[in-house]
Each structure stands twice: as C-alpha cells, then as structure tokens.
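Numbering follows numbering that gives the first Met the number 0, in which position 82 of the sequence shown is assigned residue number 81; successive positions increment by one, without gaps.
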Amino acid sequence: MSIYLFPAGEDPGASFAELIQRVRPAAGPLPADRVHLDMPHATTIAALRFSSGVVMAGDRRATEGVSIAHRAMEKVFAADRFSAVAIAGTAGPAIEMVRLFQTQLEHYEKVEGTTLSLEGKANQLSQMVRSHLPMAMQGLAVVPLFAGWDELRKVGRIFTYDVTGGRYEEADFHATGSGGRDAKTTIKLGFREGMSRLEAVDLALEALFQAADEDAATGGPDPVRGIYPIVATVGAEGFATVPDEEIAARFAIYLDRRAEARRGTGTEGGRPITGGDPS
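Spelled out as structure tokens, the structure:
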C-alpha cells in the first residue's frame, strides 16, 4: 500500500474526511428515482446527565415503512474512550457516518499526537452531518446524538444536531427519533440534579418504555427473545456498556412497580425505578 503525498496547499492534515475526498472523491447523492425505496430507519435514542457522567440509550427496533426491518439493531456506539454517539434516521448512512466519525477521531489522534476536546469532537460530527445534507434533502436524513465526558470541565455534556449540521448543547437531557417526544417528556418529569448512575439508567429505560408504549416504530423490552435497549455510560473512567443482565433486572423491577400500581398497592410514573445500589 503506497503512502499518499500532497502539495503543501492541498494537504488534508488531520482530517480523515478530507483525506478521503482527496484520494477517492465521494459518490454523489442517490438518483431521485431511488428515493422511494423503503430503507431501514433507526427510531428512538436518548441521553441524560447524572452526577458523574452521562447515560445514552437507544431502543433496538429498525422499521422499513410499516414493517419491522430489524429487532435487535444497535444504535449506541463508542465514538472513542470518552464519548458516545447514537443514531436516528436512515440506518445505512447513519452507521456509515458513525464508522467514519470513529475513524476520524483515531486518525486525528495519530496525526496530531493528542485527542480532540469534547467540543472539537462535537464540531467534527457537525461537519459530517452538514456534508450529508444532499442525502437528507432526498429523504435519507441522519440525526445523531453525541455525548461524552469533558476531561477539562470534569462534567458530562450532551450535543444535538439538525439535518443542516447545526450543533446545539443540551444542559441536562435530550431524546430524538420517532418516539423522542414521549421519551423526552418522561425524562423531563423524572430528571433531577445529582442523580446517581443507577437512577439515570432507570430513567432512560423508563423513557424508552413509555416511548414504545406510544410509538409503533420504537421497540420495547422483549424478554422472550432476550432483546433489551442498548444503554451505555460515559464518565471519568470512560465508555462502558450496561450489561443486558442488569437491563433485564431493572426492567423486571419497573414492570413489577407498574403491576403494583394497577392493583392500587404502589405508585408509578414521573420517577425513576427504585431499588438496588444507588451508587
């Protein structure tokens, strides 16, 4: 494999996306006559801050028109050690964008010998979303959600985007996708400052459950198939995925609470699931 050399004025520097543009220009947007094809779409994702980081979660369902395309799709990924990205929108371009973003962060670190700041990573993702605008105008939109641990400020931060590449920082929480409105409302009712990791995970799970209850494109927990939402945390120790066993146990507690509420022996709604280690 040969090493590409560029004149000084055309050197792409630490940008992997620019390197690809120089070496192998990207193909143009899809022809208009292909836009009508049904393609898998990722649905609901959410993120919220807790006392020592951020929690990011996504349901597992992908839809293709009115059909279920995939029941166990992953929508939450590690961007690097201290950040995570979740996807909603057209699944194929979204996953490609995530892979390019991961490669870009690794490429930058190798070329510059240091990592980007969290805001720098958010800006890089914003540029990728902006470059995707021609596809979005044809109905193949990708709307990611980015969050991570700011090593300078020592706090978790959440960034959202629109299809034009606009980047916005959310103070405490956000949710997007087809069930985003219901998920965000649930988080808004249950969120409070200084939540523990367990409380934040529980609230994210409750938000996805409520979204699935209202939105047909959002998948709820599926104990029969052993399919549960993907949940990850990012803090000072880095990115970590919450094990399926823990997710299943937390959902079991939540469903028990709902059953008790229906029998009039408990309370439900507006608060995270209780029980377990509060750390």
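For every residue, glycine included, the Cβ atom is placed at its ideal position computed from N, Cα and C.
| Query | Result |
| --- | --- |
| Between N122, F208, A215, which has its C-alpha nearest Y167's C-alpha? | N122 |
| Can you tell me which residues form a DSSP beta bridge with I67? | T62 |
| Considering only the beta carbon of each residue, do T42 and G193 sit closer than 9 Å? | no |
| Helix, strand or coil: how does DSSP classify M96 here? | helix |
| Please classify D221 as buried or exposed, where buried requires at least 16 other C-beta atoms within 10 Å of its C-beta. | exposed |
| D221 bridges to which residues according to DSSP? | I226 |
| Applying the 10 Å Cβ sphere with the 16-neighbour rule, what's the burial state of A248? | exposed |
| Between the Cα of A239 and those of L47, T62, F76, T185, spot the shortest distance and give me the residue it belongs to. | F76 |
| Are the beta-carbon atoms belonging to A235 and E150 less than 9 Å from one another? | yes |
| State the DSSP-derived secondary structure class of F320, mapped to helix, strand or coil. | Since the first residue of the chain shown is 0 and the last is 278, residue 320 is not available in this structure. |
| Which term fits P242, buried or exposed, when burial requires 16 or more other beta carbons within 10 angstroms of its beta carbon? | exposed |
| R262 lies in the beta strand (DSSP E); which residues open and close that run? | Taken as a continuous stretch (DSSP letters only), R262 belongs to no beta strand (DSSP E), as it is neither H nor E. |
| Hey, how far is the Cα of Y160 from the Cα of L204? | 23 Å |
| Exposed or buried, which one is R191 when buried takes at least 16 other CB atoms within 10 Å? | exposed |
| Relative to the C-alpha of A93, which candidate in R129, Y227, L115 has its C-alpha closest? | R129 |
| Could you tell me the alpha carbon to alpha carbon distance between P143 and E111, rounded to whole angstroms? | 26 Å |
| Suppose you measure from the CA of A87 to the CA of D181; what does that come to, to the nearest Å? | 15 Å |
| Please specify which runs of the alpha helix (DSSP H), each continuous and at least 4 residues long, are wholly inside the segment 170-225, giving them in chain order. | 179-189, 196-213 |
| Taking only three categories from DSSP, how would you classify H131? | coil |
| Using the beta-carbon count (16 or more within 10 Å), is G179 buried or exposed? | buried |
| Work out the CA separation of D214 and E73 for me, nearest whole Å. | 18 Å |
| Please classify T313: does DSSP put it in a helix, a strand, or coil? | Because residue 313 is not part of the residues shown, which for the chain are 0 to 278, the question remains open. |
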